[in-house]
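Colleague: For what it's worth, my numbering labels the leading residue of the sequence shown as 23, then goes sequentially.
First, the structure itself, so that you have it in front of you.
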Amino acid sequence: MNSRALKIAVIMMLAMITSCDEPETVVTDIVHADGSVTRRIEMKNTENKFDIHKIQVPFDSSWIVKDSLEFNKKGDTTWVKRAEKLYASIDEINMSYRADSGDNKTVSRRSEFKKRFRWFNTEYRFAEIIERQFTYGYPVSDFLNKEELAYFYSPKDVINKFEQGPDSLKYKALKDTISSKTDKWTIKSAMAEWIGDFSKLAGSKAGSDISFDALKAREDEFVKISMENTDHFDSLWKNGILLKEFIGESNALKFKTEADSSINLVTKKLFVDFHGYSVRIVMPGKLIGTNGLMDSTKVLLWPVKSEYFLTQPYEMWAESKETNKWAWIVSGIFLLFVFAGIIFRTIKKAE
């Protein structure tokens, strides 16, 4: 893998959501008890420029759209586009994902909704899931500890608050540590992906002695060689020198086409064309579990960035419950009849 390109890719992914050319976007899913979902989109930009194809979730003419211009205390203007649509079911949302023609159409996404009746309570679970890009990569949790993971998955405004607060030096050092570790995670995952793709392509060739297990056993060695030759990786690869180090001279000549094709496949998955956004979820009833953060408006919030689903699915989920008042009433009446029956029989025996 070209480790220089991989490091650039990480920087690009981190910067993608804050690009000056892209509006700030929040997608809110308001989940109803019957499984329907009201989806709202709010896009903010310093200019009245909103490209329909760059809207981060499926969008068509059936949405109700409202545009407005807002002013802050300093007199700065912000253009706001709001849109809303009621989806009758999760199936409708997933159909829209499959038919998406926007810029994020290459990323596989789906929603899930589950409803469980528990007599006294009804429980709900809603999730937005983005499928992983890499098949053979490693979870980022293998490289980051609990504190680092929390920071890695934090929304931009939370990170800014940390870095501008009294412990700013601590969090800036934490940011640098995370950057270093995620560089290693990306390179190692990309090498694992190259091994997987290359072994498939080479293994299908007649007379091949290339196997996934043999390449996988040398993965750390490949990563070390790649990192040691960062500055000259391109020329060393083009000249076949690195490939000879990986698989031997005869195999390097025999499988150069497959090796180059595998690099192209990995690069395409790494540089996925994705426009980041944030997701909010509003659940029916009382919240009982989630992996999201509570924002300033007491609404669950998740940032959506391409590095989050590079090597593992990115699932944003929430669970809630509603009290079934009628169940308590029915149970109370039933118990009343039971106690009344016991008392009645006790009186009859006493007579």
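Glycine residues also receive a C-beta, built at the ideal position from the N, C-alpha and C atoms.
Everything numeric in this text was worked out from a predicted model, so none of it was measured.
1) For the stretch 45-63 and the stretch 79-99, state whether three or more C-beta atom pairs, one from each stretch, are separated by less than 8 Å.
2) Could you say which of Val180, Met213, Ser211 lies nearest to lysine 197 if we only look at CA atoms?
3) Near lysine 278, which residues of its chain fall below 8 Å by C-beta distance, leaving aside the five closest residues on each side in sequence?
4) I need the straight-line Cα distance from arginine 240 to threonine 208, nearest angstrom please.
5) Indicate the three-state DSSP secondary structure (helix, strand or coil) for asparagine 67 in the structure shown.
6) Hey, out of Lys137, Ser202, Asp219, whose CA is closest to aspartate 282's CA?
7) Going residue by residue through the stretch 116-146, where are the continuous alpha helix (DSSP H) segments of at least 4 residues, counting only ones entirely within it?
8) When we look at the beta-carbon of phenylalanine 135 and count the other beta-carbons within 10 Å, is it buried (16 or more) or exposed?
9) Identify, in the order they occur along the chain, each residue of the same chain with its Cβ nearer than 8 Å to the Cβ of lysine 371, setting aside the five sequence neighbours on each side.
10) Can you look up glutamate 267 in the DSSP assignment and give me helix, strand or coil?
11) Applying the criterion that 16 or more other CB atoms from any shown protein chain within 10 Å of the CB defines a buried residue, is glutamate 150 buried or exposed?
12) Comparing the CB of threonine 144 with every heavy atom of the ligand HEM, is any distance shorter than 7 Å?
13) Which residue wins for smallest C-alpha separation from asparagine 67, given the options Ile74, Lys88, Val102, Ile52?
14) Between the alpha carbons of arginine 154 and alanine 172, how many angstroms are there, rounded?
15) Of the choices Lys178, Glu341, Ile74, whose alpha-carbon is the least far from that of tryptophan 85?
16) Under the three-state reduction of DSSP, which class applies to alanine 195: helix, strand or coil?
17) I need the boundaries of the alpha helix (DSSP H) containing serine 283, first residue and last residue.
18) Grouping DSSP H, G and I as helix and E and B as strand, with all else coil, what is threonine 60?
19) If we ignore side chains and look at the alpha-carbon of each, how far apart do isoleucine 310 and leucine 166 end up?
20) Measuring only the C-alpha atoms, how far is leucine 93 from phenylalanine 234?
21) Pick from Leu191, Val129, Leu237, Asn273: whose alpha carbon is nearest that of glutamine 334?
22) Can you grab the Cα-Cα spacing for the pair lysine 246 / phenylalanine 142, in whole Å?
23) According to DSSP, glutamate 250 sits in a beta bridge with which residue or residues?
24) Where does lysine 168 fall in DSSP's three states?
25) Tell whether a beta-carbon distance below 8 Å holds between leucine 322 and arginine 302.
26) Counting only beta-carbon atoms, is arginine 240 nearer than 8 Å to chain D?
27) Considering phenylalanine 234, what are the terminal residues of the alpha helix (DSSP H) in which it resides?
28) Using a Cβ-Cβ cut-off of 6 Å (strictly less than) and excluding sequence neighbours within five positions of valine 9, which residues of its own chain qualify?
29) According to DSSP, glycine 311 sits in a beta bridge with which residue or residues?
30) Quick one: give me the first and last residue of the alpha helix (DSSP H) that phenylalanine 72 is part of.
31) How long is the line joining the alpha carbons of methionine 305 and alanine 55, rounded to whole angstroms?
32) Looking at glutamate 170: is its Cβ nearer than 8 Å to the Cβ of alanine 224?
33) Under a three-way DSSP split, which group does aspartate 43 fall into?
34) How is valine 326 classed by DSSP in three states: helix, strand or coil?
Modeller: Straight from the coordinates:
1) Yes, since at least three Cβ pairs between the stretch 45-63 and the stretch 79-99 fall closer than 8 Å, the two stretches touch.
2) Taking the sequence shown and counting its residues from 1, one reaches residue 197 at position 175. Per the C-alpha coordinates, the member of Val180, Met213, Ser211 positioned closest to lysine 197 is Val180.
3) Position 256 of the sequence shown, counted from the start, is the residue given in the question as residue 278. The answer, listed in chain order, is Gly262, Leu265.
4) Residue 240 sits at position 218 when you count from the first residue of the sequence shown. Residue 208 sits at position 186 when you count from the first residue of the sequence shown. Near 17 Å, if we compare the C-alpha coordinates of threonine 208 and arginine 240.
5) Mapped onto the sequence shown, residue 67 falls at position 45. Strand, per DSSP.
6) Counting from one through the sequence shown, the residue named residue 282 turns up at place 260. Check the Cα spacing between aspartate 282 and each of Lys137, Ser202, Asp219: the tightest is with Asp219.
7) Counting whole runs of 4 or more residues, the stretch 116-146 contains no alpha helix (DSSP H) stretch at all.
8) Start at 1 with the first residue of the sequence shown, and residue 135 comes out as number 113. The residue in question, phenylalanine 135, is buried, as its Cβ has 16 or more Cβ neighbours within 10 Å.
9) The residue you call residue 371 lines up with position 349 of the sequence shown. Here the set comprises nothing.
10) Within the sequence shown, residue 267 is the residue found at index 245, counting from 1. Three-state DSSP puts glutamate 267 in a helix.
11) In the sequence shown, counting from the first residue as 1, residue 150 sits at position 128. Per the 10 Å Cβ criterion, buried.
12) Of the ligands one can find in the structure shown there are none, so the ligand HEM has no counterpart to examine.
13) Residue 67 sits at position 45 when you count from the first residue of the sequence shown. By alpha-carbon distance to asparagine 67, the top candidate from Ile74, Lys88, Val102, Ile52 is Val102.
14) Along the sequence shown, read from residue 1 onward, the residue named residue 154 stands at position 132. Along the sequence shown, read from residue 1 onward, the residue named residue 172 stands at position 150. Going from the Cα of arginine 154 to the Cα of alanine 172 covers about 20 Å.
15) Taking the sequence shown and counting its residues from 1, one reaches residue 85 at position 63. Cα-wise, what sits closest to tryptophan 85 is Ile74.
16) The residue given as residue 195 occupies position 173 in the sequence shown. Taken through DSSP and simplified to helix, strand or coil, alanine 195 comes out as helix.
17) By 1-based counting over the sequence shown, the position of residue 283 is 261. Boundaries of the alpha helix (DSSP H) around serine 283: 278-292.
18) Taking the first residue of the sequence shown as position 1, residue 60 is located at position 38. In the three-state scheme derived from DSSP, where H, G and I count as helix and E and B as strand, threonine 60 is classed as strand.
19) Here residue 310 is taken as the residue at index 288 of the sequence shown, counted from 1. Here residue 166 is taken as the residue at index 144 of the sequence shown, counted from 1. Straight-line Cα distance between these residues: approximately 27 Å.
20) Here residue 93 is taken as the residue at index 71 of the sequence shown, counted from 1. Here residue 234 is taken as the residue at index 212 of the sequence shown, counted from 1. The amino acid occupying residue 93 in the given sequence is phenylalanine; leucine does not appear at that position. Distance between the alpha carbons of phenylalanine 93 and phenylalanine 234 is about 59 Å.
21) As a first step, residue 334 is located in the sequence shown; it is residue number 312 there, counting from the start. Of the listed residues, the one whose Cα sits closest to glutamine 334 is Val129.
22) As a first step, residue 246 must be located in the sequence shown, where it is residue number 224. As a first step, residue 142 must be located in the sequence shown, where it is residue number 120. Answer to the nearest angstrom: the Cα atoms are 58 Å apart.
23) In the sequence shown, counting from the first residue as 1, residue 250 sits at position 228. Answer is none; glutamate 250 lacks a bridge partner.
24) Along the sequence shown, read from residue 1 onward, the residue named residue 168 stands at position 146. Helix.
25) Along the sequence shown, one-based indexing puts residue 322 at 300. Along the sequence shown, one-based indexing puts residue 302 at 280. For leucine 322 and arginine 302, yes; Cβs fall inside 8 Å.
26) Absent from the structure is chain D; it holds one protein chain and no more.
27) Walking along the sequence shown from the start, residue 234 turns up at place 212. First-last of the alpha helix (DSSP H) with phenylalanine 234: 234-239.
28) The structure shown does not extend to residue 9, since the chain spans only 23 to 373, so no value can be given for it.
29) The residue labelled residue 311 in the question sits at position 289 within the sequence shown. According to the DSSP secondary-structure assignment, glycine 311 is paired through a beta bridge with Glu341.
30) Taking the sequence shown and counting its residues from 1, one reaches residue 72 at position 50. From DSSP, phenylalanine 72 is part of no alpha helix (DSSP H); its letter is neither H nor E.
31) Locating residue 305 in the sequence shown gives position 283, counting from the first residue. Locating residue 55 in the sequence shown gives position 33, counting from the first residue. Approximately 8 Å between the Cα atoms of the pair.
32) Taking the first residue of the sequence shown as 1, we reach residue 170 at position 148. Taking the first residue of the sequence shown as 1, we reach residue 224 at position 202. With contacts defined by Cβ atoms closer than 8 Å, glutamate 170 and alanine 224 do not form a contacting pair.
33) Residue mapping note: residue 43 aligns to position 21 of the sequence shown, counting from 1. The pLDDT assigned to aspartate 43 is 47, lower than 50, so where the model puts this residue is not dependable, and the model offers no usable value.
34) What you label residue 326 is simply residue 304 of the sequence shown in a count that begins at 1. Strand, per DSSP.
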